[in-house]
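Asker:
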Amino acid sequence: MSEFENVAASELHTATPGPAGEPNAPGQPHTLEVKRARSATTDAWHDLARRPLFWIAVLIALVALVMAVFPQLFTSGDPNVACQLSKQNAGPSGPAIFGFDYQGCDVYTRAIYGARNSLLIGFFAALFAGVLAILAGLTSGFFGGWVDAVISRGTDIVLGLPLILAGLVIMKRVDNAGGGNTARIIAFVLLLGGLGWTTASRVVRSSVISAKNQDYVQAARMLGAGNARIMWRHILPNALAPFLVVITIALGSFIAAEASLSFLGVGLEPPAQSWGLQISQASGIGKVRTNPIPLIVPSTFLALTVLAFIILGDKIREAFDPKLR
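Going by this note's numbering, the first residue of the sequence shown is number 10, and it counts up by one from there.
Structural data, given as structure tokens:
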């Protein structure tokens, strides 16, 4: 018997019987490999549970998420109607625990409502980048050859594009076209996701190349599984852990990138709220000297949120990589 036939025979003998005593259906992964994968995943999550910094990052990320979805739980004010010039740069008063900015707006309320658009752009950009990364990395790593060469060269080209410069050009064109804030949000998602998928794609490709030569993949192929089933059912799950690490870190980077472009004047415009827009409006030597709080508050919210997602990704990477435990 050939090597592949031996693997296939081993698969049939070691498959877990079904309800009627039948072996697993053709193309099912090797039972021993599945148990090993589950054991590694369980060990990784147990390792994460013992890391205080991981739980601090989870708490901050959850608070930011709840703040974005239910801002009324944190403040009863409305950032668009609570502005009074008579309160320009006034100190803390009642629910305005951080005082008012140069327009007489409640700094705290604006920072709370600013979480929605900042996280909305970050999450959807990460989702878009994740889809592109999985499609490109899975296809490139699985088929190899000229397919891998073409996708890899395309990845190199996209990776070489400067994000901030491309963002300035694209967002300026959106402004010139008269697009509203909805169009700007969509443009942000397409821009950040379209330029931010390359690193995750390379991670997926590397994991796929490593996994496709495993015995359980060869056994599944000998038992009649097609390329699509092998790619999505057997290989992709092995690439998800490192992929999620990179995408989690990228999510924080996307939130920071939106703030950077908004700071440069090509982001959202009032009456929309975002941390980047608030930082842009509060910047300037004269404003900072007179009242630095409107700059400090959204900057702190932004920094904590971005740092939380980066720490999440880093700790997950450490937990799933045995070399870093």
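A virtual CB, placed ideally from N, CA and C, is assigned to each residue, including glycine.
These numbers come from a predicted model, not from an experiment.
#1: Counting along the chain, where does the alpha helix (DSSP H) carrying V87 start and finish?
#2: Which residue marks the beginning of the alpha helix (DSSP H) containing V167, and which one marks its end?
#3: Compare the Cα-Cα distances from A250 to each of R59, I143 and L177 and report the closest residue.
#4: When burial is assigned at 16 or more other CB atoms within 10 Å of the CB, is A317 buried or exposed?
#5: With hydrogens ignored, establish whether the beta-carbon of S283 is closer than 7 Å to any heavy atom of the ligand ADP.
#6: Let me know the secondary structure DSSP gives F83 once reduced to three states.
#7: What is the DSSP secondary structure of S127, reduced to helix, strand or coil?
#8: Short of 6 Å in beta carbon distance, which residues of its chain neighbour G146, apart from the five on each side in sequence? Order them along the chain.
#9: Given a cut-off of 8 Å on the beta-carbon distance, is the pair S289 and N126 in contact?
#10: Please name the residue, chosen from I302, T257 and N300, that lies closest to T314 on a Cα-to-Cα basis.
#11: Compute the Euclidean distance between the alpha carbons of L204 and V178, then round it to the nearest angstrom.
#12: State the Cα-Cα distance for the pair L245 and R60, rounded to the nearest angstrom.
#13: Considering only DSSP beta bridges, list what A105 is partnered with.
#14: Considering only their Cβ atoms, is the gap separating L286 from S271 smaller than 8 Å?
#15: Since N247 is in the alpha helix (DSSP H), which residue starts that stretch and which ends it?
#16: Which class does D323 belong to by DSSP, given the choice of helix, strand or coil?
#17: Determine the closest residue to H94 out of P104, P101, F109 and W64, with distance taken between C-alpha atoms.
#18: Counting C-beta neighbours from all protein chains within 10 Å, is the total for T191 16 or more, i.e. buried, or is it exposed?
#19: Quick check: what's the CA-CA separation for P307 versus A120?
#20: Let me check one thing: in DSSP terms, what residues is D115 bridge-paired to?
#21: Which whole-angstrom value is the C-beta distance of M76 and A135, which I expect to be below 8 Å?
#22: Compare the Cα-Cα distances from R242 to each of R326, Y117, A229 and I218 and report the closest residue.
#23: Using alpha carbons as the reference points, say which of T84, G113, A268 and M240 lies closest to L128.
#24: Does DSSP classify A317 as helix, strand or coil?
#25: Alpha carbon to alpha carbon, what distance is there between G163 and V156?
#26: Can you check which of these residues, L277, I302, A105 and G139, is closest to G188 by C-alpha distance?
#27: Pull up the CB-CB distance for V254 and I325, whole angstroms please, since I reckon it's below 8 Å.
#28: Buried or exposed: where does S219 fall if 16 or more other Cβ atoms within 10 Å of its Cβ makes it buried?
#29: Report the rounded CA-to-CA distance for L170 versus F137, giving the unit in angstroms.
#30: Checking 8 Å against the spacing of the C-beta atoms, do L174 and F263 come in under that value?
#31: Of the residues V116, L57, N89 and A58, which one's Cα is nearest the Cα of T309?
#32: Could you give the DSSP three-state label for F329: helix, strand or coil?
#33: Is there a C-beta anywhere in chain C that falls below 8 Å from the one on P104?
Answerer: On the basis of the data shown:
#1: The amino acid occupying residue 87 in the given sequence is Asp; Val does not appear at that position. Premise fails: D87 is in no alpha helix (DSSP H) and is neither H nor E.
#2: G154 to L168
#3: I143
#4: buried
#5: In terms of ligand content, the structure shown is empty, and the ligand ADP therefore cannot be addressed.
#6: coil
#7: helix
#8: In chain order, S210, V213 and R214 place their CB closer than 6 Å to the CB of G146, counting only its own chain and leaving out the 5 sequence neighbours on each side.
#9: Between S289 and N126, the C-beta gap is not smaller than 8 Å, which leaves the two residues out of contact.
#10: Selected option, being the one with the closest Cα: T257.
#11: 14 Å
#12: 27 Å
#13: S102
#14: Contact flag set, yes.
#15: L245 to F272
#16: helix
#17: Before going on, a small fix: residue 94 reads as Leu here, not His. Ranking P104, P101, F109 and W64 by Cα distance to L94 puts F109 first.
#18: exposed
#19: 5 Å
#20: F109
#21: That belief does not hold up - the Cβ atoms of M76 and A135 are roughly 18 Å apart, past 8 Å.
#22: A229
#23: A268
#24: helix
#25: Put simply, the backbone Cα of V156 is about 11 Å away from that of G163.
#26: L277
#27: Cβ atoms of V254 and I325 come within 8 Å of each other, at about 5 Å.
#28: exposed
#29: Roughly 18 Å between the two C-alpha positions.
#30: Not in contact: L174 and F263 (Cβ atoms no closer than 8 Å).
#31: Ranking V116, L57, N89 and A58 by Cα distance to T309 puts V116 first.
#32: helix
#33: Within the model displayed, chain C is absent; a lone protein chain is all it includes.
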